[in-house]
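In this note's numbering, the protein residues as written are 421 to 554.
Ideal Cβ placement from N, Cα and C applies to all residues, glycine included.
The structure under discussion appears below in the form of structure tokens.
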Amino acid sequence: MAAVKKFVCSHCRYLLEASDEGHAYFLSDEGKPQFFSSSARAEELETFLQHSAGKDLKDQERTAFLAQRTGTMRDMLCIDCGGKFRRDVDRQEIVCPGRKCHSKNVYAVWYLEGQTCPSCKTGHFKLKRLLSVP
Ligand SMILES: [Zn+2]
Ligand SMILES: [Zn+2]
Numbered sequence: 421m422a423a424v425k426k427f428v429c430s431h432c433r434y435l436l437e438a439s440d441e442g443h444a445y446f447l448s449d450e451g452k453p454q455f456f457s458s459s460a461r462a463e464e465l466e467t468f469l470q471h472s473a474g475k476d477l478k479d480q481e482r483t484a485f486l487a488q489r490t491g492t493m494r495d496m497l498c499i500d501c502g503g504k505f506r507r508d509v510d511r512q513e514i515v516c517p518g519r520k521c522h523s524k525n526v527y528a529v530w531y532l533e534g535q536t537c538p539s540c541k542t543g544h545f546k547l548k549r550l551l552s553v554p
């Protein structure tokens, strides 16, 4: 079960939501993040292991390989420009990728409660609903 939070701006009703599971991804051989689909994740992981690790791995090797090449990205919001993007907060620098922005005033949507709304710059985000989804 995943939890989903829905936030709404107290002023302009801007809505955002995020899941506590984030977005699982792996790094391709070119180093590009590729997201797993939630429905076929186990199969995609096997395909990735066979394709990129290239041989039958022992448990330890498999764990080390996955630690290097997989992660989870969070939905992020830039409070300055309102840009939405994904980041692996354990691995990547948390800076807004907006061309003219580069703000560090960014938050995981999951932790948005109380932050200023970038859309109207007046309201604050309030937790509207907390849902459980299978
Ligand atoms: Zn607002
Ligand atoms: Zn920004």
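- In terms of Cβ geometry, PHE545 and VAL428 form a close pair [threshold 9 angstroms].
- Assignment of SER439 by DSSP, reduced to helix, strand and coil, places it in the strand class.
- Less than 9 angstroms separates the beta-carbon of ALA528 from that of ALA438.
- Of all alpha-carbon atoms in ARG507, THR483, ALA422 and ALA487, the one lying nearest the alpha-carbon of ARG494 is that of ARG507.
- Around the beta carbon of VAL526, a 10 Å sphere encloses 16 or more other beta carbons of the protein chains shown; the residue is thus reported as buried.
- Here CYS516 really is in contact with CYS501; their C-beta atoms are around 6 angstroms apart, less than 8 angstroms.
- Its chain contains CYS537, CYS540, THR542 and GLY543 as the residues whose beta carbon lies nearer than 7 angstroms to that of HIS431, once the 5 sequence neighbours on both sides are disregarded; these appear in chain order.
- A residue is called buried when at least 16 other Cβ atoms come within 10 angstroms of its Cβ; LEU550 does not meet this threshold and is exposed.
- Within the same chain, Cβ atoms closer than 8 angstroms to the Cβ of ARG482 are found at LEU469 and ALA473, the five residues on either side in sequence being excluded.
- For HIS431, the Cβ falls inside the 8 angstroms cut-off from some heavy atom of ligand 1.
- With a cutoff of 9 angstroms on beta-carbon distance, THR490 and GLU441 are scored as not near each other.
- Contact annotation, LEU477 with LEU436: C-beta distance approximately 39 angstroms; criterion of less than 8 angstroms not satisfied.
- Using a cutoff of 8 angstroms, the CB of CYS540 counts as near ligand 1, since one of the ligand's heavy atoms is closer than that.
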